[in-house]
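Add 6 to the 1-based position in the sequence shown for this note's numbering, that's all there is to it.
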Amino acid sequence: MTGTIVDVPGIKVGHAQNEAALTGCTVVLAEAGAVCGVDVRGSAPGTRETDLLHPMNLVDRVHAICLSGGSAYGLDAASGVMQYLEENGCGLDVGFGLVPIVPAAVLFDLSVGDPAVRPDKNMGYQAAAAASKEAVREGNAGAGCGATVGKLGGFANAMKSGLGSASRSLGDGLRVGAVVAVNAVGEVRDPATGKVLAGPRDGKGRIGNSLELMQQRAFFPIPPGTNTTIGVIATNADLTKAQANKIAQMAQDGLARTIYPVHTMYDGDTLFAVATGGVKENVDLIGAIAAEVVAEAVLRAVRMAQGAGGLPASRDLVN
Numbered sequence: 007m008t009g010t011i012v013d014v015p016g017i018k019v020g021h022a023q024n025e026a027a028l029t030g031c032t033v034v035l036a037e038a039g040a041v042c043g044v045d046v047r048g049s050a051p052g053t054r055e056t057d058l059l060h061p062m063n064l065v066d067r068v069h070a071i072c073l074s075g076g077s078a079y080g081l082d083a084a085s086g087v088m089q090y091l092e093e094n095g096c097g098l099d100v101g102f103g104l105v106p107i108v109p110a111a112v113l114f115d116l117s118v119g120d121p122a123v124r125p126d127k128n129m130g131y132q133a134a135a136a137a138s139k140e141a142v143r144e145g146n147a148g149a150g151c152g153a154t155v156g157k158l159g160g161f162a163n164a165m166k167s168g169l170g171s172a173s174r175s176l177g178d179g180l181r182v183g184a185v186v187a188v189n190a191v192g193e194v195r196d197p198a199t200g201k202v203l204a205g206p207r208d209g210k211g212r213i214g215n216s217l218e219l220m221q222q223r224a225f226f227p228i229p230p231g232t233n234t235t236i237g238v239i240a241t242n243a244d245l246t247k248a249q250a251n252k253i254a255q256m257a258q259d260g261l262a263r264t265i266y267p268v269h270t271m272y273d274g275d276t277l278f279a280v281a282t283g284g285v286k287e288n289v290d291l292i293g294a295i296a297a298e299v300v301a302e303a304v305l306r307a308v309r310m311a312q313g314a315g316g317l318p319a320s321r322d323l324v325n
């Protein structure tokens with residue numbers, strides 16, 4: 007067991023990133039296909055193939071999920087994932103060839119590094135080709151390479167965030183895992199202690215309070231869509247597409263437990279839920295565990311991040 011999302015049978019994860027430009031993408035592969043649902047809770051999302059995941063629509067299995075930086079430009083990375091899957095014989099057989107189903111979501115990281123460099127088809131291909139069952143690299147990796155949090159004090163006073171992953175295993179064979187790239191406008195708190203791990207810094211470099219800034223009307227204007235937390239929950243449970251959508255919905259509670267404020271007009275928070283099958287279990291139990299592993303992944307994203315782009319990380323300021 008790695009303690010990351012790859013502990014779920016049938017799931018692999020790969021990253022590709024440009025560490026100088028501070029951007030990248032993460033691919034969650036389910037090459038044998040997985041039932042998938044999605045919950046889009048933020049008000050400024052950048053997504054691809056999410057309408058397909060509605061329970062009333064035809065296709066109910068995906069072959070990968072692509073999480074990417076680069077704002078809307080980063081959606082191009084999913085095309086590279088499709089190319090990799092097609093070359094390896096994975097996809098929906100439509101009678102005239104294979105069409106890999108690759109939903110995607112992006113976050114905004116153009117404010118750090120080099121905004122002219124964004125994840126593209128080639129980077130998506132590289133991430134898919136790198137996918138493995140090894141423990142997921144966390145922190146400044148993949149879609150979390152340029153992630154930041156705590157921007158209500160102005161971007162100059164924000165903090166570096168990243169990507170985190172976590173998993174749980176139950177005695178009956180059920181496994182639930184999550185991988186999350188945390189790029190919120192708000193701050194990240196440890197729900198066990200209430201301590202702010204990463205957030206807006208004051209003039210002395212100390213971590214402030216987002217809610218206080220909002221109440222004082224002292225927060226800086228944030229352009230819509232310049233944030234967003236994105237992630238994937240995976241389980242080896244037998245789920246319908248409707249149930250997978252419910253799991254994604256319940257998993258959003260993990261963001262609400264750790265990010266303040268969350269699901270704002272400035273965020274495009276999107277979580278996918280994929281089920282590879284094999285274990286029968288209660289949907290509410292899976293959803294409750296999903297919320298916990300998402301919360302854990304969020305905390306790991308900020309704790310594992312390293313300072314970059316002129317911004318400190320939690321490890322630089324929090325003892």
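Glycine residues also receive a C-beta, built at the ideal position from the N, C-alpha and C atoms.
With distances taken from CA atoms, which of Val289, Asp322, Val238 is nearest threonine 32?
Val238
Output the distance between the C-alpha atoms of alanine 110 and valine 182, rounded to the nearest integer angstrom.
20 angstroms
At the level of alpha carbons, what is the spacing between valine 46 and glycine 177?
31 angstroms
Using 8 angstroms as the threshold, is the region 8 to 17 in touch with the region 209 to 223, meaning 3 or more CB pairs across them?
no
Cβ-Cβ distance between glycine 170 and alanine 83 below 8 angstroms:
no
Do you know offhand how far alanine 314's Cα is from lysine 286's?
44 angstroms
If you draw a straight line from the C-alpha of serine 167 to the C-alpha of valine 112, how long is it?
15 angstroms
Just to confirm before moving on: does the CB-CB distance between valine 297 and valine 185 stay below 8 angstroms?
This sequence places alanine at residue 297; valine is not what is there. No, the pair does not count as a contact, with Cβ atoms beyond the cut-off.
Out of Ala250, Gly316, Gly76, state which residue places its alpha-carbon closest to the alpha-carbon of phenylalanine 161.
Gly316
In terms of residue numbering, what span does the beta strand (DSSP E) encompassing glutamate 37 cover?
29 to 46
Just mark glycine 95 as buried or exposed, buried being the case when its beta carbon has 16 or more other beta carbons within 10 Å.
exposed
Whole angstroms are fine: how far does the CA of alanine 187 sit from the CA of valine 300?
10 angstroms
Name, in chain order, the residues that DSSP records as bridge partners for valine 194.
Ala204, Ile265
For asparagine 189, which option in Thr235, Asn242, Asp322, Ala147 has the closest C-alpha, if you only look at C-alpha atoms?
Thr235
Which same chain residues end up closer than 8 angstroms to glycine 86 when comparing Cβ atoms and leaving out the 5 residues on each side of it in sequence?
Asp126, Lys127, Asn128, Met129, Gly130, Tyr131, Gln132, Ala133, Ala134
DSSP three-state assignment for glycine 284, whether helix, strand or coil:
strand
In this structure, how does DSSP classify asparagine 128 when only helix, strand and coil are distinguished?
helix
Report back the beta-carbon spacing between valine 12 and valine 280 to the nearest angstrom; my notes put them in contact at under 8 angstroms.
That pair is no contact at about 13 angstroms.
Return helix, strand or coil for methionine 4, following the three-state DSSP convention.
This structure cannot speak to residue 4, because the chain is shown only from 7 to 325.
Terminal residues of the beta strand (DSSP E) in which leucine 169 lies
169 to 175
Quick one: what does DSSP say aspartate 82 is sitting in, helix, strand or coil?
helix
Looking at valine 108 and lysine 247, is the spacing between their C-beta atoms short of 8 angstroms?
no
CA-CA distance, alanine 204 and leucine 305?
10 angstroms
In three-state terms, what does DSSP make of asparagine 24?
strand
Own chain residues within Cβ distance below 7 angstroms of valine 191, not counting five before or after:
Lys157, Leu158, Ile228, Asn233, Thr270, Tyr272, Asp273
For chain D, find out if any of its Cβ atoms is closer than 8 angstroms to the Cβ of valine 33; answer yes or no.
The displayed structure is made up of one protein chain only, and chain D is not part of it.
If you follow the alpha helix (DSSP H) that valine 324 is in, where does it begin and where does it stop?
That residue, valine 324, is in no alpha helix (DSSP H); it is neither H nor E in DSSP.
Under a three-way DSSP split, which group does methionine 271 fall into?
coil
Beta carbon of alanine 78, beta carbon of glycine 52: below 8 angstroms?
yes
Considering Cα atoms alone, identify which of Asp290, Glu55, Gly119 is closest to proline 106.
Glu55
Judging by CA-CA distance, which residue of Ala70, Ser175, Pro267 is the nearest neighbour of leucine 98?
Ala70
So, at 6 angstroms on beta carbons, what are the nonlocal neighbours of aspartate 208 in its own chain, with the 5 sequence-adjacent residues on each side left out?
Gly214
Using the three-state DSSP reduction, which class does leucine 104 fall into: helix, strand or coil?
strand
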